[in-house]
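Enquirer: Residues 5 to 294 (my numbering) make up the sequence shown, in order. Note that beta-carbon positions come from the ideal geometry of N, C-alpha and C, so glycine has one too.
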Amino acid sequence: MIVVPGPASQSLGNKIAEKLNAQIVPVNRKAFPDGEYSLRFEGDVAGEEVVVVQTTGPPQDTNLMQLLLMLDAAKDLGAKKVTAVVPYLAFARQDKRFLGGEAVSAETVVKLIEACGVYSFVTVNIHSENTLKKFNVPTANLSASTLLAKHFKGQGLNEAFSLSPDKGAVGLAEEADRVLGGGCGWLRKERDRYTGEIQVEEKSLNVKGRDVIVFDDIISTGGTIAKAIKMLKSQGARRVYAACVHPLLIGEAKTKILESGAEEIVGTDSISSTVRTVSLAPLIAAALAR
Ligand code: R5P
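Next comes the structure, spelled out in structure tokens:
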């Protein structure tokens, strides 16, 4: 097996290769003055099983385009099987037409990846499993919640309460609770589809004097998780932590979350960020070794 760490997932790709004891083929990126670039595999992939690791967080268009170029090139250069490992799949939140006339972006992304001839597709905590049903090739949706929960357990937070800030992420809190054992719950969130504004419904959580970890799949502007943390603090929670799989952390998200009362923000290396990081390498390597 050959691992190709894409430009957006250099560190994670290298760690995965190390865990698998697999050969790495680096990709050289040459930029042109007009903003275009060329990618070149610096090694032979003909006849090999190739794993391309490339996340598609911001800048999504560039990272997605690079992913497609690498997948297509690997196949064109004679790779036997090409697996796309895309820890964070861009556009996955637009998995249906919320408003009439909208592009269903997640489906377009799936079609593009599949058109590159991939043998299989691996991702982590995709926003909606429905997106994977659009693939015709085998897919795996890995979950990082256990890894995140084990990190907190290692920090002495066993028996912390696990909370998801909306119903969509309840699986993350339930999975974390199997490690932490302090119980779990979820909040109800509504997003205005025109303004993007969110409302988190007030809910009594019985968290007085307790440590709580709020688990979400994505932290983007930080609005969702900050609202949940403020609610927990107002109900007397002791220490509150923000945990997510994909720390996009746009603009002032980090400040917003810490100012809402969070002790710390913990994410994974699905996206490179400045928050405390738990690596996805063992999870992804184990899935690829199966
Ligand atoms: C959406 O439903 C996701 O699960 C996250 O809750 C959302 O993307 C977080 O966005 P933000 O950090 O901007 O509130």
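Rounded to whole angstroms, how far is the Cβ of Tyr245 from the Cβ of Phe165, which I believe are closer than 8 Å?
Expert: Contact flag wrong, Cβ pair sits at about 11 Å.
Enquirer: Looking only at C-alpha atoms, which of Lys237, Ile269, Gly10, Ala289 sits nearest to Gly213?
Expert: Closest by alpha carbon: Lys237.
Enquirer: Taking all protein chains shown into account, do 16 or more other C-beta atoms lie within 10 angstroms of the C-beta of Gln203, making it buried, or fewer, making it exposed?
Expert: Exposed, since its Cβ has fewer than 16 Cβ neighbours within 10 Å.
Enquirer: Are the CB atoms of His131 and Arg182 within a distance shorter than 8 Å?
Expert: Not in contact: Arg182 and His131 (Cβ atoms no closer than 8 Å).
Enquirer: My guess is that Leu161 and Gly189 are in contact by the Cβ rule of under 8 Å, so how many angstroms apart are they, rounded?
Expert: Rounded, the Cβ-Cβ distance is 16 Å, inconsistent with contact.
Enquirer: Can you check whether the CB of Val56 is closer than 8 Å to the CB of Gly10?
Expert: Yes, they are a contact pair.
Enquirer: So within the stretch 34 to 86, which uninterrupted beta strand (DSSP E) runs reach at least 3 residues, ignoring any that extend past its ends?
Expert: If we require 3 residues or more, the beta strand (DSSP E) runs fully inside the stretch 34 to 86 come out as 41 to 45, 53 to 57.
Enquirer: Along the chain, where does the alpha helix (DSSP H) that runs through Asn210 open and close?
Expert: Unbroken run through Asn210: none, as it is neither H nor E.
Enquirer: Let me know the secondary structure DSSP gives Thr199 once reduced to three states.
Expert: Note: Thr199 maps to coil in three-state DSSP.
Enquirer: Is the CB-CB distance between Ala180 and Val211 below 8 Å?
Expert: Contact flag unset, no.
Enquirer: For Asp76, I'd like the list of residues in its chain whose CB is within less than 6 Å of its CB, leaving aside the five on either flank, ordered along the chain.
Expert: Around Asp76: Cys120.
Enquirer: Kindly list the residues whose CB is nearer than 8 Å to the CB of Ala50, restricted to its own chain and excluding five residues on each side of it in sequence; keep chain order.
Expert: Correct list, in chain order: Leu81, Gly82, Ala83.
Enquirer: Is the closest heavy atom of the ligand R5P to the C-beta of Thr150 under 7 Å?
Expert: Because no heavy atom of the ligand R5P lies under 7 Å away, the Cβ of Thr150 does not count as near it: no.
Enquirer: Taking CB distances under 8 Å as the criterion, tell me whether Arg182 reaches chain C.
Expert: Structure shown: chain C not included; a single protein chain is present.
Enquirer: For a test of your reading of the model: does the CB of Ser132 fall under 7 Å from any non-hydrogen atom of the ligand R5P? Yes or no.
Expert: Because no heavy atom of the ligand R5P lies under 7 Å away, the Cβ of Ser132 does not count as near it: no.
Enquirer: Give me the DSSP bridge partner(s) of Leu167.
Expert: DSSP lists Gly189, Val218 as partners of Leu167.
Enquirer: Among the candidates Tyr123, Pro30, Lys193, whose CA atom is the shortest distance from the CA of Leu292?
Expert: Ranking Tyr123, Pro30, Lys193 by Cα distance to Leu292 puts Tyr123 first.
Enquirer: From which residue to which residue does the alpha helix (DSSP H) around Ala153 run?
Expert: Ala153 -> alpha helix (DSSP H) spans 149 to 158.
Enquirer: Indicate the three-state DSSP secondary structure (helix, strand or coil) for Val90 in the structure shown.
Expert: Looking at Val90 - three-state DSSP - the assignment turns out to be strand.
Enquirer: State the beta-bridge partners of Pro142 as determined by DSSP.
Expert: In the DSSP output, where bridge partners are listed per residue, Pro142 has none listed.
Enquirer: What is the rounded straight-line gap between the Cα of Ser168 and the Cα of Glu52?
Expert: One C-alpha to the other measures close to 41 Å.
Enquirer: Look up Glu178 in the DSSP assignment and give the residues it is bridged to.
Expert: Partner(s): none; Glu178 has no beta bridge.
Enquirer: Classify Glu268 as helix, strand or coil using the three-state DSSP reduction.
Expert: DSSP places Glu268 in strand when its eight states are reduced to three.
Enquirer: If you follow the beta strand (DSSP E) that Ser238 is part of, which residue opens it and which one closes it?
Expert: That residue, Ser238, is in no beta strand (DSSP E); its alpha helix (DSSP H) goes 227 to 238.
Enquirer: Check the C-beta distance from Val126 over to Ile6 and give it rounded, since I have them as a contact under 8 Å.
Expert: Not really, about 15 Å apart at Cβ, beyond 8 Å.
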